[in-house]
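Have a look at the structure below, then the notes.
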Amino acid sequence: MKIIVAGGTGFIGKKLIDLLLQNGHEVVVLTRRNRSSSNNLSYVEWLKEDAIPEKEIETADAVINLAGVSINDGRWTAKHQKQIYDSRMIATDELLRIISEMPQKPSVFINASAIGIYPVSLTEVYTEDSISTPDDFLGKTVHDWEEKAKQASRYGARTVFMRFGVVLGNDGGALPLMTLPYKLFAGGTVGSGKQWVSWIHVTDVIRAILFAIEHRSVEGPVNVTAPSPLRMKEFGKTIGTVLKRPHWFPTPALAMKLALGQKSKLVLEGQKVLPEVLLENGFTFEFPELESALRDLLR
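Residue numbers (the UniProt record's numbering): 1 to 299.
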């Protein structure tokens, strides 16, 4: 298949492109910088004043939208929040415009999303059938992003919203910051420790994206989380076990709020989210349990 990837130079995007190429697909990456192409991988400039990407792309079988300013970078100031929100809206609008210009429309549109669309809770269990009522910045951003992406269905594309949980990788995402205190022998429970962490190994993230492309029965919201979420206290203890470091030095919620501002919600609050759609459609997780995932990433 010929697959377009927006946001292909990020943490998840680079690994996804490698997987797509390994599976024999032709990949076109939309980028703001001029890059050299090779074999089945090519780069097309977009989101620049003189860029007309649709002329170079012509047609595609699938479009994957991972574009947007990272929520993990910097404090969530008003300016940064606007960048996070606007970057997703602008990129999705441009992808919809590109699709509208294609003489042959893609059969599937995969849009990144996040479990932040579900309200934080210590007691609720969320599946794709759960009603999402976003009540904070991240929830509103995800909700509006999905509403924008739904417009791809106008062009006959099967539209999938990949609601990523806490993505674990050794060269990006949340894990390097989560493991650092343990490596310094200062690891311990963050906040109350009762908050849920719905995590997933980055390998299973990219495998789930490819699975969604290949399985026509997958449509609408898809929770991209491992089937075994843990509370923060157990999550931290597991890090300590794998790294052979003590879990003893608690980090109070106030300290996290002072250090990270509003972004502290990412570690102080959470949701218990289950990947019902993936499981019902036969997806097999390579890393269903946290300890095996961490041993793979931290070895």
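C-beta atoms are modelled at their ideal positions from N, C-alpha and C, and glycine is treated no differently. Since the structure is predicted, the reported quantities are computational estimates derived from the model, not experimental observations.
For this session: Go to residue 2, then tell me how far its beta strand (DSSP E) extends in each direction, as first and last residue.
Result: 2–6
Exercise. Taking the C-alpha atoms as reference points, what is the distance between residue 285 and residue 50?
Worked result: Cα-Cα distance, rounded: 43 Å.
Problem set entry | Entirely enclosed beta strand (DSSP E) segments - the stretch 39–67, minimum 3 residues | 41–45 and 62–65
Exercise. Among 32, 75, 65 and 230, which residue has its Cα nearest to the Cα of residue 165?
Worked result: 230
Exercise. Count the other CB atoms within 10 Å of the CB of residue 39; is the residue buried (16 or more) or exposed (fewer)?
Worked result: exposed
Exercise. Among 63, 64, 85 and 122, which residue has its Cα nearest to the Cα of residue 145?
Worked result: Among 63, 64, 85 and 122, the Cα nearest to that of residue 145 is on 85.
Problem set entry | Straight-line Cα distance separating residue 115 from residue 134 | 10 Å
For this session: Using beta-carbon positions only, say whether residue 298 and residue 170 come within less than 8 Å of one another.
Result: yes
For this session: Mark residue 154 as exposed unless 16 or more other C-beta atoms lie within 10 angstroms of its C-beta, in which case mark it buried.
Result: exposed
For this session: Quick one: grab the DSSP three-state call for residue 194.
Result: coil
Exercise. Under the three-state reduction of DSSP, which class applies to residue 150: helix, strand or coil?
Worked result: helix
Problem set entry | Close-in-space but distant-in-sequence residues of the same chain around residue 289 (CB under 6 Å, 5 per side omitted) | 228
Exercise. Hey, is the stretch 189–200 in contact with the stretch 267–275, meaning 3+ C-beta pairs nearer than 8 Å?
Worked result: Yes, since at least three Cβ pairs between the stretch 189–200 and the stretch 267–275 fall closer than 8 Å, the two stretches touch.
Problem set entry | Cβ pair count under 8 Å reaching 3, the stretch 240–253 against the stretch 173–191 | yes
Exercise. When you compare only the Cα positions, how much space is there between residue 256 and residue 264?
Worked result: Looking at the two C-alpha atoms, the distance is approximately 6 Å.
Problem set entry | DSSP beta-bridge partners of residue 111 | 65 and 161
Exercise. Which partner residues of residue 172 appear in the DSSP bridge assignment?
Worked result: BP columns for residue 172 point to 169.
Problem set entry | Assigned secondary structure, residue 88 (DSSP; H/G/I helix, E/B strand, else coil) | Looking at residue 88 - three-state DSSP - the assignment turns out to be helix.
Exercise. Which residues mark the beginning and the end of the alpha helix (DSSP H) in which residue 284 is found?
Worked result: Note, residue 284: premise wrong, no alpha helix (DSSP H); not H, not E.
Exercise. Would you report the Cα separation of residue 140 and residue 275, rounded to the nearest angstrom?
Worked result: 21 Å
Exercise. Just how far apart, CA to CA, sit residue 302 and residue 79?
Worked result: There is no way to answer for residue 302, as the model of the chain reaches only from 1 to 299.
Exercise. Name the DSSP beta bridge partners of residue 223, please?
Worked result: 163
For this session: For residue 121, collect the residues of the same chain with a Cβ closer than 7 Å to its Cβ; drop the 5 residues on either side in sequence, then sort them by chain order.
Result: 271
For this session: For residue 295, name the three-state secondary structure that DSSP assigns.
Result: helix
Problem set entry | Opposing strand residues paired with residue 231 [DSSP bridges] | 196
Exercise. At what residues does the beta strand (DSSP E) containing residue 30 begin and finish?
Worked result: 26–31
Exercise. Can you give the beta carbon distance from residue 111 to residue 65, rounded, assuming they're within the 8 Å contact cut?
Worked result: 5 Å
Exercise. Would you call residue 221 buried or exposed, if buried means 16 or more other Cβ atoms sit within 10 Å of its Cβ?
Worked result: buried
Exercise. Ordered along the chain, which non-local residues of its own chain (more than five positions away) have a Cβ less than 7 Å from that of residue 151?
Worked result: 96
For this session: Just tell me which of 36, 293 and 68 has its CA closest to the CA of residue 201.
Result: 293
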